[in-house]
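Peer 1: Residue numbers (the numbering used here): 383 to 779. Each residue gets a CB set at the ideal place from its N, CA and C atoms; glycine is no exception. Values in this document were obtained by computation on a predicted structure and should not be read as measured data.
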Amino acid sequence: MDRNIIHMDLDAFFVAVERRNNPKLIGLPLIIGGSSRRGVVAACSYETRKFGVHSAMPMYLALQLCPDAKVISGDVESYSKCSHEITELIAESAPVFEKASIDEFYIDASGMDRFFGAFKWAVELRRKIIKASGLPISLGMSVNKLVSKVATGEFKPDAEEQIPAGSERDFLGPLSVEKIPMIGKQTATFLYDMGVRRVETLREMPLHFLTSAFGKNGVSLWNKAHGIDESPVVQYSEQKSISTECTFDADTTDVKKLNAIMVAMVEKIAFQLRSQHKLTSCVTVKIRYSNFDTETKQVHIPYTSSDHILLRAVSDLFRKLYSRRMLIRLVGVRLSGLVHGNHQINLFDDTTESIQLYEAIDKIKHRHGTEKVVRATTLGVSRRIRMEMNMFKGNLR
Numbered sequence: 383m384d385r386n387i388i389h390m391d392l393d394a395f396f397v398a399v400e401r402r403n404n405p406k407l408i409g410l411p412l413i414i415g416g417s418s419r420r421g422v423v424a425a426c427s428y429e430t431r432k433f434g435v436h437s438a439m440p441m442y443l444a445l446q447l448c449p450d451a452k453v454i455s456g457d458v459e460s461y462s463k464c465s466h467e468i469t470e471l472i473a474e475s476a477p478v479f480e481k482a483s484i485d486e487f488y489i490d491a492s493g494m495d496r497f498f499g500a501f502k503w504a505v506e507l508r509r510k511i512i513k514a515s516g517l518p519i520s521l522g523m524s525v526n527k528l529v530s531k532v533a534t535g536e537f538k539p540d541a542e543e544q545i546p547a548g549s550e551r552d553f554l555g556p557l558s559v560e561k562i563p564m565i566g567k568q569t570a571t572f573l574y575d576m577g578v579r580r581v582e583t584l585r586e587m588p589l590h591f592l593t594s595a596f597g598k599n600g601v602s603l604w605n606k607a608h609g610i611d612e613s614p615v616v617q618y619s620e621q622k623s624i625s626t627e628c629t630f631d632a633d634t635t636d637v638k639k640l641n642a643i644m645v646a647m648v649e650k651i652a653f654q655l656r657s658q659h660k661l662t663s664c665v666t667v668k669i670r671y672s673n674f675d676t677e678t679k680q681v682h683i684p685y686t687s688s689d690h691i692l693l694r695a696v697s698d699l700f701r702k703l704y705s706r707r708m709l710i711r712l713v714g715v716r717l718s719g720l721v722h723g724n725h726q727i728n729l730f731d732d733t734t735e736s737i738q739l740y741e742a743i744d745k746i747k748h749r750h751g752t753e754k755v756v757r758a759t760t761l762g763v764s765r766r767i768r769m770e771m772n773m774f775k776g777n778l779r
């Protein structure tokens, strides 16, 4: 039995939400993001994209390309609320669905053709979402997640497209290699230099050549070029929080040491947060004294996964919390109020330089381990931290 995998993606999500809330913005070239020269484009309307504007672009460059664009700062909480509303609508109808990001979903409708017709059902669900939310959403359907996602991107906005089983190669063949998910600029440039610009050309390359050039990623490239993707739709479940704690071998009042440990904690869980493509809106710090009295304090913040913002919140909370000057046996940090998202949302607070810095640091950590790049404040106690925290063993969830 062929699988029926549906991909749904909200069209220019942030822009659509702003226009729903303020119809006067409809039709205007619109950019959402930081308005300063060092700001970054978080999202942009289709009217600006024809000038070459795209997300993650420096704001000054975007305004050079489209000087008539209207710039607004955006409302992250509103976007998160709308994403939750769409998620609930899909959950009411879909047998199995996966929330891939704040505005992107996969649905496994395999077997539904026997009773109703999977594509017909998907179209009706799409129209139900549009009617209930007032937001535009596109869909693509095929036998796997890869082809469905490419179809949605190729035909949006306002897409309702099915790639029939057996025609995956014909659909993908004429497309640019950049249309294949996970082929970034660096890989695309490398392929271009090899004379490979279209998927059909990539498909003709021998597997051994791709593995020689790209290592284990060569197998993935070969499969994608052939329209092969066996990855399942992972049933969506909402993670409530992520946290870590450190219980000391000897109780302490060494504030310098405590601060260094909490910096290391934040680095650890913020990296995990970004790796899961999630953001937090609530930070909690916990202290347990030598007499086992436990106190916590929390603060709500704009959605983020950036170390420097979380570190500032944790530092302020600890300063307010630690007032008894007693020996401490445990400290902990928890991030909650999680939503799906990545730098698409962080762009509201971050500059181009900070975004590039985090991306570079995360790349090193993924490749060489989380201990390879740490803040200088943790260097002097890094060995003790690793011993006392037992590599952050404990309350991580």
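Please name the residue in SER687, LYS598, LYS510, ALA695 whose C-alpha comes closest to that of GLU470.
Peer 2: For the purposes of this step, residue 470 is taken as residue 88 along the sequence shown, with counting starting at 1. Ranking SER687, LYS598, LYS510, ALA695 by Cα distance to GLU470 puts LYS510 first.
Peer 1: If we ignore side chains and look at the alpha-carbon of each, how far apart do ARG401 and VAL453 end up?
Peer 2: Within the sequence shown, the letter at position 19 stands for residue 401. Within the sequence shown, the letter at position 71 stands for residue 453. Approximately 13 Å, taken between the alpha carbons.
Peer 1: Rounded to whole angstroms, what is the Cα-Cα separation between ARG385 and ILE562?
Peer 2: To locate residue 385, count along the sequence shown from 1; it is residue 3. To locate residue 562, count along the sequence shown from 1; it is residue 180. Spanning the two alpha carbons is a distance of roughly 20 Å.
Peer 1: Tell me, to the nearest whole angstrom, how far the beta carbon of THR629 is from that of LEU712; I am working on the premise that it is less than 8 Å.
Peer 2: For the purposes of this step, residue 629 is taken as the residue at position 247 of the sequence shown. For the purposes of this step, residue 712 is taken as the residue at position 330 of the sequence shown. Indeed, because the Cβ distance is near 5 Å, the residues count as touching under 8 Å.
Peer 1: Could you give the C-beta distance for HIS389 and LEU521, rounded to a whole number, given that I count them as a contact under 8 Å?
Peer 2: Locating residue 389 in the sequence shown gives position 7, where the first residue counts as 1. Locating residue 521 in the sequence shown gives position 139, where the first residue counts as 1. So it is a contact: roughly 7 Å between Cβ atoms.
Peer 1: Relative to the C-alpha of ILE624, which residue among GLN617, TYR618, GLY714, THR593 is closest?
Peer 2: Here residue 624 refers to the residue found at position 242 of the sequence shown. Among GLN617, TYR618, GLY714, THR593, the Cα nearest to that of ILE624 is on GLY714.
Peer 1: On the criterion of 16 or more Cβ atoms from any shown chain inside 10 Å, does THR678 qualify as buried, or is it exposed?
Peer 2: One-based indexing of the sequence shown puts residue 678 at position 296. Looking at its Cβ environment, which holds fewer than 16 other Cβ atoms inside 10 Å, THR678 is exposed.
Peer 1: Are the beta-carbon atoms belonging to ILE651 and LEU703 less than 8 Å from one another?
Peer 2: Against the sequence shown, residue 651 aligns to sequence position 269. Against the sequence shown, residue 703 aligns to sequence position 321. Not a contact, by the Cβ cut-off of 8 Å.
Peer 1: For ALA398, I'd like the list of residues in its chain whose CB is within less than 8 Å of its CB, leaving aside the five on either flank, ordered along the chain.
Peer 2: In the sequence shown, the residue the question calls residue 398 occupies position 16. For ALA398, where only same-chain residues beyond five positions count, the Cβ hits under 8 Å are LEU392, LEU517, PRO518.
Peer 1: Between LYS622 and SER718, how many whole angstroms is the CB-CB distance? I'm expecting something under 8 Å.
Peer 2: Reading the sequence shown from its first residue, position 240 is the one you call residue 622. Reading the sequence shown from its first residue, position 336 is the one you call residue 718. Correct: roughly 6 Å between the Cβ atoms.
Peer 1: Going by other Cβ atoms of all chains shown within 10 Å of its Cβ, with 16 needed for buried, is ARG716 buried or exposed?
Peer 2: One-based indexing of the sequence shown puts residue 716 at position 334. With 16 or more Cβ atoms within 10 Å of its Cβ, ARG716 is classed as buried.
Peer 1: Mapping DSSP to helix, strand and coil, what is HIS722?
Peer 2: Residue mapping note: residue 722 aligns to position 340 of the sequence shown, counting from 1. HIS722: strand per DSSP, three-state reduction.
Peer 1: Along the alpha helix (DSSP H) that carries LYS463, what are the first and last residues, could you check?
Peer 2: In the sequence shown, residue 463 corresponds to position 81, counting from 1. It spans 458 to 475 - the alpha helix (DSSP H) in which LYS463 sits, taken as one unbroken run.
Peer 1: With a threshold of 7 Å, establish whether the CB of LYS406 neighbours any heavy atom of the ligand HEM.
Peer 2: Of ligands this structure carries none, so the ligand HEM is not represented either.
Peer 1: Suppose you measure from the CA of THR569 to the CA of HIS436; what does that come to, to the nearest Å?
Peer 2: Here the question's residue 569 lines up with position 187 in the sequence shown. Here the question's residue 436 lines up with position 54 in the sequence shown. Their Cα atoms are separated by approximately 20 Å.
Peer 1: Could you give the distance in angstroms between the alpha-carbon of ILE468 and the alpha-carbon of TYR461?
Peer 2: Mapped onto the sequence shown, residue 468 falls at position 86. Mapped onto the sequence shown, residue 461 falls at position 79. Those two C-alpha atoms are separated by around 11 Å.
Peer 1: Would you kindly report the start and end of the unbroken alpha helix (DSSP H) that includes VAL581?
Peer 2: As a first step, residue 581 is located in the sequence shown; it is residue number 199 there, counting from the start. Taken as a continuous stretch (DSSP letters only), the alpha helix (DSSP H) holding VAL581 covers 581 to 585.
Peer 1: Name the residue from MET647, PHE653, LEU661 whose alpha carbon lies nearest to the alpha carbon of GLU620.
Peer 2: Against the sequence shown, residue 620 aligns to sequence position 238. Nearest C-alpha to GLU620: LEU661.
Peer 1: Pop quiz: GLY456 and ILE414 are said to be a contact at Cβ under 8 Å. What is the actual Cβ separation, rounded to whole angstroms?
Peer 2: The residue given as residue 456 occupies position 74 in the sequence shown. The residue given as residue 414 occupies position 32 in the sequence shown. The Cβ separation is near 4 Å, so the contact holds.
Peer 1: Which residue from CYS664, ALA533, ASP552 puts its Cα closest to that of GLN544?
Peer 2: Along the sequence shown, one-based indexing puts residue 544 at 162. Closest by alpha carbon: ALA533.
Peer 1: Assuming GLY600 contacts ARG580 (C-beta within less than 8 Å), just tell me the rounded distance between them.
Peer 2: By 1-based counting over the sequence shown, the position of residue 600 is 218. By 1-based counting over the sequence shown, the position of residue 580 is 198. Actually they are not in contact, since the Cβ atoms of GLY600 and ARG580 sit about 18 Å apart, beyond 8 Å.
Peer 1: Taking the alpha carbon of TYR428 as the point to measure from, which residue in LYS538, ASP495, GLU582 has its own alpha carbon closest?
Peer 2: Taking the first residue of the sequence shown as 1, we reach residue 428 at position 46. Ranking LYS538, ASP495, GLU582 by Cα distance to TYR428 puts LYS538 first.
Peer 1: When the Cα atoms are used, what is the spatial distance from GLY434 to ARG707?
Peer 2: Looking up residue 434 in the sequence shown gives position 52. Looking up residue 707 in the sequence shown gives position 325. Computed Cα separation, rounded: 57 Å.
Peer 1: Pull the bridge partners of SER520 from the DSSP assignment, please.
Peer 2: Position 138 of the sequence shown, counted from the start, is the residue given in the question as residue 520. Paired residue(s): ASP391.
Peer 1: In three-state DSSP terms, what is ALA758?
Peer 2: Along the sequence shown, read from residue 1 onward, the residue named residue 758 stands at position 376. Caution applies to ALA758, whose pLDDT of 46 falls short of 50 and renders its modelled position unreliable; the value that the coordinates give is listed next. Looking at ALA758 - three-state DSSP - the assignment turns out to be helix.
Peer 1: Measuring only the C-alpha atoms, how far is GLN617 from PHE487?
Peer 2: As a first step, residue 617 is located in the sequence shown; it is residue number 235 there, counting from the start. As a first step, residue 487 is located in the sequence shown; it is residue number 105 there, counting from the start. Looking at the two C-alpha atoms, the distance is approximately 11 Å.
Peer 1: Span of the alpha helix (DSSP H) holding SER483?
Peer 2: One-based indexing of the sequence shown puts residue 483 at position 101. Run containing SER483: none in the alpha helix (DSSP H); it sits in the beta strand (DSSP E), 479 to 483.
Peer 1: Between SER663 and ARG694, what straight-line distance do the alpha-carbon atoms span, to the nearest angstrom?
Peer 2: Within the sequence shown, residue 663 is the residue found at index 281, counting from 1. Within the sequence shown, residue 694 is the residue found at index 312, counting from 1. Approximately 14 Å, taken between the alpha carbons.
Peer 1: Between the Cα of THR626 and the Cα atoms of ASN605, GLU612, GLU649, which residue gives the shortest distance?
Peer 2: Along the sequence shown, one-based indexing puts residue 626 at 244. If we check each option's Cα against that of THR626, GLU649 comes out closest.
Peer 1: Under DSSP, the alpha helix (DSSP H) around ARG508 begins and ends at which residues?
Peer 2: As a first step, residue 508 is located in the sequence shown; it is residue number 126 there, counting from the start. Unbroken alpha helix (DSSP H) run through ARG508: 500 to 515.
Peer 1: Over the uninterrupted beta strand (DSSP E) stretch that includes TYR574, give me the two end residues.
Peer 2: Residue 574 sits at position 192 when you count from the first residue of the sequence shown. It is not in any beta strand (DSSP E) - TYR574 instead sits in the alpha helix (DSSP H) that spans 567 to 575.
Peer 1: On the criterion of 16 or more Cβ atoms from any shown chain inside 10 Å, does ALA394 qualify as buried, or is it exposed?
Peer 2: As a working mapping, residue 394 is identified with position 12 in the sequence shown. It is buried - the Cβ of ALA394 has at least 16 other Cβ atoms within 10 Å.
Peer 1: Less than 8 Å between C-beta atoms, sequence neighbours within five positions excluded: which residues of the same chain meet that for VAL478?
Peer 2: Within the sequence shown, residue 478 is the residue found at index 96, counting from 1. Only ILE489, ASP490, VAL615, GLN617 meet the Cβ criterion.
Peer 1: Report, in whole angstroms, the separation of the C-beta atoms of VAL505 and GLU480, which I expect to be a contact under 8 Å.
Peer 2: Locating residue 505 in the sequence shown gives position 123, where the first residue counts as 1. Locating residue 480 in the sequence shown gives position 98, where the first residue counts as 1. With a Cβ gap of about 20 Å, VAL505 and GLU480 do not count as contacting.
Peer 1: Tell me where the alpha helix (DSSP H) around PHE433 begins and ends.
Peer 2: Taking the sequence shown and counting its residues from 1, one reaches residue 433 at position 51. Counting along the chain, PHE433 falls outside any alpha helix (DSSP H), and DSSP gives it neither H nor E.
Peer 1: Given a cut-off of 8 Å, decide if HIS722 and SER483 are closer than it, judged by their beta-carbon atoms.
Peer 2: Within the sequence shown, residue 483 is the residue found at index 101, counting from 1. Within the sequence shown, residue 722 is the residue found at index 340, counting from 1. Result yes, Cβ atoms of SER483 and HIS722 sit closer than 8 Å.
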